[in-house]
Structures are given as C-alpha cells and as structure tokens.
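Scroll down for the structure; my scribbles are underneath it.
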Amino acid sequence: MCVLKKIRISAVVAATGLLLSGVASADDVTRIGVAVPLTGNNAAYGKDIENAVKLAVSEANASNLTIGGKPLKLVVESGDDQADPRTGVQIAQQLVDKGVTVVIGHFNSGTTIPASKIYSNAHVPMITPAATNPTITEQGSAYVFSIIATDAQNAGAAGRYAVEVAKAKRIAVIDDRTAFGQGEADEFVKAVTAAQGGIVDRQYTNDKAVDFSAQLTHIKGQNADLVFFAGLNPQAGMVKKKMKQLGIRAQFVGGGGVVEPTFLGVAGADAEGAMAWEYGSPIASLPRGKEFEAKYQQKFGSAMLSYAPFAYDATWSAIKAMQAANSTKPADFLAKLRAQEYAGITGDIQFTASGALTRPSTTLYQVANGKWVPVKTVR
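The sequence shown begins at 42 in the working numbering and counts up one residue at a time.
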C-alpha cells in the first residue's frame, strides 16, 4: 500500500474515532445569529446586544441542556449590519447560509424591515430586541417577532403626555429621517393630534448630522414650548446642548435610545431637566433586574445599555421554545415560540398573533442632578 493511501485511511479512522468518542463536530452545534451594527455610530448599542446574547448562550451551555436526547451546544454567529439596510440584507443572507436556527436582531428599524424578508423566505425566526417601527410585525410573516414596545406605544405615550400632562401648547418635532426616527415622529404627531395638541413646526435632519442650528433656529422662531427629538444618541445630546446655546427654553423630550450615559456626556450640564421616553420598565424596578445588571457588568467589565435585557430575553425565549419542542429545527419550535409564556428579565414574554409583544411597557425619564431618573411607567 502506498504511503498516500495509508495517510488517507488513517485520517478517516481518526475522524471516525473522534465522532464516536463524543467530540462535537461542526454539525453538532446549534447556531444563534446576531445581526447588529458593530461599527459606526450605533456600534455601542450593537455590542450591548451581542454581549447579552453571548451571556444567555454561555449560561445555557453551562446548564448542560439536552434536546432530543443530545447535549445542546449553542454558538453565536455575529454579523455587522453597519446600521445600513443594504448591508443588513447581505448579513441576513450570510447568517441564513451559515445555518442559523434563529436570529436576534436587528437594532435599527431600517435594517430590520428588509432583512426580515430574508429570514421569512428562509423560514428562520427573527426576534428583534430593539427595532420598534410597527411595520416590523405588521408584515404578516409567521417568522418575525418583537420583544419590545413599538413606536406607536412609546412615542404615542410621549405625545399624549406632552399634551395632557406637560400641557404643552406649541410643540415642535425633529426627526433623523431613518425608519426609526421618522416612524417615531409620525406616531408622536399622531398622538398629539388625537389629544387635541398643536404641532407648530416639524424639522428634519439625518442620522449623521452634527449641527442642528438651522432646524432649532426655525423652531425658536415658532416660539415652541416643547421639542420632541426622534433619533438616537449622541445626536439627542447635541440637540439639547444646541438648544441651550440658542436660548431655547422649550422642554426637550426624546424618544427611545436616549436614556443612556452618552446623552449625559454629550449634553453635559445642559442635560439637566431633559426628558425622554424609553422602551420597557426601569431595570431596578424589575424582580431580576439588578441581578442581571450586575451579572452583565461582571462578565463584560462595562455597564449595559438599554437593549441588553431585551436581547437576553429574546435569546432565552428562543432556547425555551426549542426545549418545549424538543427540537432545534425552526419548523418544530416555531409554534412553541409563538405560544410561549416566559417570565423574562424585562417582564412577561408572550406574543400576539402578529409576533408583537403582548404587554409592553414604556417609561418616562428626566435628568435630575446629572442622572436619568424614572418618572412614570405606562403599559
């Protein structure tokens, strides 16, 4: 027998031996996809979500779970969608091609909406822990889920509060023209109008802008008494700071993605008194909230941002559905995911027929003495 043939036979025998001895092959793992921005302006949020998914996966692996009589070995497959719709679609296809069984993502509504079609066509469930445009779960797909309040709920609450509680008479709106920002602004305006409030100005920017002088100067000319900004940090902090520089005394109110240390750092002393509506309930008010926050910080050496608890719950929601179905195949556990009732970090996880969260909450915060302080939570 030639040497080359001996080598080939030995290699086959060795590989067979590894499989028989219980060493996992590539096909023995269950892949959980994460699609978020890991570079660019939204990278901090994306890393926050990815970390939370990794935390849930590490806990599941340490629990020695079994499905179908075999050990459940989970691995995380991450994709950087760069908060860009076109890149998001490419990342979605890459994750599908890698054989992920579920996807936690995306972060931005603008990437989530087109990417969700890729997952739906591939029959791969997607659970978003952060994207909030109502369109996401209104597309009629059986594979799309959201574990967070929508803009209709969050910005809707902000609009009603502005008129009915804050008693604002002349309300101005700025949005960043993304699917998130525009959608949030639209829902805010809709709620203000329904509450018989007055919108005196609506201005636009983009999600990469750093100067808002023109928009705010126009708003100042309208004598607005409340300014609602629909966009993310750090732009929200820049807007608040510029308002102070221009002598605008109107109340600043932000939407989701604003109640973060970044806002405080960018706006500095000018942050004082700012308000923002954020998705979910204050983490400290939840039964396991403080425990999760401490666990996250210990593992990653940094404080979590707003969406980590939602990403953690989304991951465990998928894992528990697999356990209930005794299968890691989407065709088997999809029905269990849709019908489940799971007590998560963020609250009770249960989905409507469209895949939206059944009982979402949203909270108003205000900056007092340099810190975000919860004021009111509504469901």
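Just so it is clear, CB atoms sit at the ideal spot from N, CA and C, and this is done for glycine as well.
Cβ neighbours of residue i in the same chain (closer than 7 Å, five flanking residues each side left out)
{"i": "ALA198", "result": "TRP318, THR403 and VAL419"}
{"i": "MET279", "result": "VAL251, PHE253 and VAL307"}
{"i": "GLY239", "result": "LYS210, ARG211 and ILE212"}
{"i": "GLN135", "result": "GLY120"}
{"i": "ASN102", "result": "LYS114 and LEU115"}
{"i": "ALA67", "result": "With a pLDDT of 46 at ALA67, under the threshold of 50, the modelled position of that residue is not reliable, and the figure given next carries that caveat. Hits under 7 Å: none found."}
{"i": "ASN367", "result": "ILE108 and GLY109"}
{"i": "THR393", "result": "THR399"}
{"i": "SER62", "result": "Below a pLDDT of 50, predicted positions are generally treated as unreliable, and SER62, at 32, falls in that range; no measurement from the model is reported."}
Residues near residue i in its chain [Cβ-Cβ closer than 6 Å; skip 5 each side]
{"i": "LEU273", "result": "GLY298"}
{"i": "PHE270", "result": "ILE215, ALA277, VAL280 and GLY295"}
{"i": "LYS417", "result": "LEU405"}
{"i": "ALA84", "result": "PRO78"}
Contact under 9 Å by Cβ, residue i with residue j
{"i": "GLU91", "j": "THR173", "result": "no"}
{"i": "ALA156", "j": "ALA133", "result": "yes"}
{"i": "TRP357", "j": "TYR337", "result": "no"}
{"i": "ALA207", "j": "LEU267", "result": "yes"}
{"i": "GLY296", "j": "ASN195", "result": "yes"}
{"i": "PHE304", "j": "PRO350", "result": "no"}
{"i": "ILE177", "j": "THR153", "result": "yes"}
{"i": "ALA203", "j": "GLY129", "result": "no"}
{"i": "LEU106", "j": "GLN263", "result": "no"}
{"i": "ALA344", "j": "PRO302", "result": "yes"}
{"i": "ASP242", "j": "GLY222", "result": "no"}
{"i": "PRO401", "j": "THR234", "result": "no"}
8 Å contact criterion, which residue i and residue j should meet: CB distance rounded
{"i": "PHE148", "j": "GLY396", "result": "That belief does not hold up - the Cβ atoms of PHE148 and GLY396 are roughly 17 Å apart, past 8 Å."}
{"i": "TYR86", "j": "LEU346", "result": "6 Å"}
{"i": "PRO170", "j": "ALA352", "result": "4 Å"}
{"i": "ASP311", "j": "LYS340", "result": "Incorrect: roughly 34 Å between the Cβ atoms, too far for contact."}
{"i": "VAL436", "j": "VAL94", "result": "Because the chain is modelled from 42 through 420, residue 436 falls outside the range shown and cannot be assessed."}
{"i": "ILE260", "j": "ILE289", "result": "7 Å"}
{"i": "ILE73", "j": "ILE168", "result": "That pair is no contact at about 10 Å."}
{"i": "ASP122", "j": "TYR348", "result": "Actually they are not in contact, since the Cβ atoms of ASP122 and TYR348 sit about 15 Å apart, beyond 8 Å."}
Proximity to residue i [Cα-Cα], best of the options
{"i": "VAL143", "options": "ILE215, ALA384, THR107 and SER119", "result": "SER119"}
{"i": "GLY140", "options": "PHE392, GLN381 and LYS370", "result": "LYS370"}
{"i": "VAL414", "options": "ALA207, PRO166, ASP89 and GLY314", "result": "GLY314"}
{"i": "PRO175", "options": "ALA220, GLY342 and GLN131", "result": "ALA220"}
{"i": "LEU405", "options": "ILE324, ILE390 and MET316", "result": "MET316"}
{"i": "GLY388", "options": "ALA312, LEU287, PHE333 and VAL116", "result": "PHE333"}
{"i": "THR80", "options": "LYS417, ALA171 and ASP125", "result": "ASP125"}
{"i": "ARG201", "options": "GLN237, TYR184 and ILE168", "result": "GLN237"}
{"i": "PHE374", "options": "ALA183, THR153 and ALA344", "result": "ALA183"}
{"i": "GLY321", "options": "GLY288, ASP311 and ILE386", "result": "ILE386"}
{"i": "GLN309", "options": "ASN410, ALA362 and THR258", "result": "With the sequence shown as reference, residue 309 is identified as Gly, and Gln is not the correct amino acid for it. Among ASN410, ALA362 and THR258, the Cα nearest to that of GLY309 is on ASN410."}
{"i": "MET284", "options": "ALA265, GLU301 and VAL300", "result": "ALA265"}
{"i": "HIS164", "options": "ALA376, PRO78, GLY342 and LEU327", "result": "ALA376"}
{"i": "LYS412", "options": "VAL300, PRO401 and THR258", "result": "VAL300"}
{"i": "PRO78", "options": "LYS158, THR191 and GLN131", "result": "GLN131"}
{"i": "VAL70", "options": "ASN162, PRO112 and GLU100", "result": "PRO112"}
Closer than 8 Å: residue i CB and nearest the ligand ADP heavy atom
{"i": "ILE73", "result": "The ligand ADP is absent from the structure shown, which contains no ligand whatsoever."}
Residues near residue i by beta carbon distance below 8 Å, same chain, minus five either side
{"i": "GLN256", "result": "ILE215, GLN244, TYR245 and THR246"}
{"i": "ILE390", "result": "ILE188, ASP354, SER358, GLN381, GLU382, TYR383, ALA384 and LEU398"}
{"i": "ARG218", "result": "TYR245, THR246, ASN247 and ASP248"}
{"i": "ASP258", "result": "Going by the sequence as given, residue 258 is Thr instead of Asp. Once the five neighbours on either side are set aside, the close Cβ partners of THR258 are LEU287."}
message = To test your reading of the DSSP string, which unbroken alpha helix (DSSP H) runs of 4 or more residues are found completely within the segment 147–207?
response = Within the segment 147–207, the complete alpha helix (DSSP H) runs of at least 4 residues are 150–163 and 192–205.
request  = Please list the segments of the alpha helix (DSSP H) lying wholly inside the segment 328–356, counting only runs of 4 or more residues, in order along the chain.
outcome  = If you keep only unbroken alpha helix (DSSP H) runs of at least 4 residues inside the segment 328–356, you get 330–341.
inquiry  = Could you tell me which whole beta strand (DSSP E) segments of length 3 or greater appear in the segment 358–400?
reply    = You should have found no qualifying run.
key: Length at least 4, wholly inside the segment 203–248: the alpha helix (DSSP H) runs in chain order   = Fully contained in the segment 203–248 are the following alpha helix (DSSP H) runs of length 4 or more, in chain order: 220–235.
query = Along the chain, which unbroken stretches of the beta strand (DSSP E) at least 3 residues long are found entirely within the segment 254–305?
reply = Whole beta strand (DSSP E) segments, 3+ residues: 267–271 and 292–295.
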